[in-house]
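Line by line, the protein sequences are chains W and H. Throughout, our numbering is defined as the position within the first sequence, counted from one, plus 96. Throughout, our numbering is defined as the position within the second sequence, counted from one, plus 96. We treat Cβ as the ideally placed atom computed from N, Cα and C, and that holds for glycine.
Protein chains: 2
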Amino acid sequence: MKARIYIRLKESVLDPQGKAVLAGLESLGFKGLEDVRVGKLVEITFAPGANRAKAAGEVKEMCEKLLANTVIEEYNFDLAD
Amino acid sequence: MKARIYIRLKESVLDPQGKAVLAGLESLGFKGLEDVRVGKLVEITFAPGANRAKAAGEVKEMCEKLLANTVIEEYNFDLAD
Chain W
97 MKARIYIRLK ESVLDPQGKA VLAGLESLGF KGLEDVRVGK LVEITFAPGA
147 NRAKAAGEVK EMCEKLLANT VIEEYNFDLA D
Chain H
97 MKARIYIRLK ESVLDPQGKA VLAGLESLGF KGLEDVRVGK LVEITFAPGA
147 NRAKAAGEVK EMCEKLLANT VIEEYNFDLA D
């Protein structure tokens, strides 16, 4: 089983990395872009036979404890077999 | 319209950041984890009225030119209204 975790800065938090990417894209000639935000993608592979409900609980705990800074970031995840 | 771009290291490329996260999770007591890979999530908001097919072509071009290092990274994306 694999967990895909998406971590983004909260809407209200400025994203200088995203602004830099936006400026880079515009300098390459891309037009009509409103905003760019850069986040993290964490993929966790569980050992075979992992329990889905237990894994979901653990992933939530991992995000709260280590992966996301919940003061400025929000996260969501999905589990795939 | 919004493009969500997922950028990952290719399978064959070592991911020291992922290994560090794996070690961190294990030191927090999480068991039964096989692997952790860390990638990037880039979200691009297009100005209203953007053409879907054109946007898809542009996002591919953005990835090839700026966002992903295609020597060591692979990407995929989806478009949502």
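Item, Value
"Whose CA, out of H:I103, H:P112, H:A116, lies closest to the CA of L162 (chain W)?", "H:A116"
"Would a check of beta-carbon distances place A176 (chain W) closer than 8 angstroms to chain H?", "no"
"Excluding sequence positions up to five away, which residues of its chain have a Cβ less than 8 angstroms from the Cβ of E129 (chain W)?", "Per the sequence shown, the amino acid found at residue 129 (chain W) is Leu instead of Glu. Excluding positions up to five away in sequence, the list reads L118, L121, E122."
"Nearest to K136 (chain H) by CA position, among H:F142, H:E170, H:S108, H:R148, is which residue?", "H:E170"
"Who are the near neighbours of A99 (chain W) in its chain, counting only those whose CB is closer than 6 angstroms to its CB and skipping five residues on each side?", "I140, V155, F173, L175"
"When the Cα of M97 (chain W) is compared with those of W:L105, W:E160, W:A146, which residue comes out closest?", "W:A146"
"Report yes or no: is there a C-beta of chain W within less than 8 angstroms of the C-beta of G120 (chain H)?", "yes"
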